[in-house]
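Since the structure comes first, as structure tokens, the remarks are kept for the end.
Residue numbers (mature numbering (1 follows the signal peptide of the UniProt record, and there is no 0)): -20 to -1, 1 to 38.
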């Protein structure tokens, strides 16, 4: 029973949690089959966002 309890506790620690105002690369959205994520360099940004999401049409 102890290994199962330990596994449950450790899996809860590894689950991603949203953090307000996170500036880490790990907080950035990831692309998927329906959207691309385009990362803009600081000199190409037109606002506070450093990325844009673009839908992919099949």
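The beta-carbon is built from N, C-alpha and C at its ideal position, and this holds for glycine as well. From a predicted model like this one, the values you see are computed outputs, not experimental measurements.
Contact under 8 Å by Cβ, residue i with residue j
i	j	result
residue 14	residue 32	no
residue 17	residue 28	no
Sequence-distant residues of its chain with Cβ nearer than 6 Å to residue i (five each side left out)
i	result
residue 20	30
residue 11	17
DSSP state of residue i mapped onto helix, strand, coil
i	result
residue -17	helix
residue 5	helix
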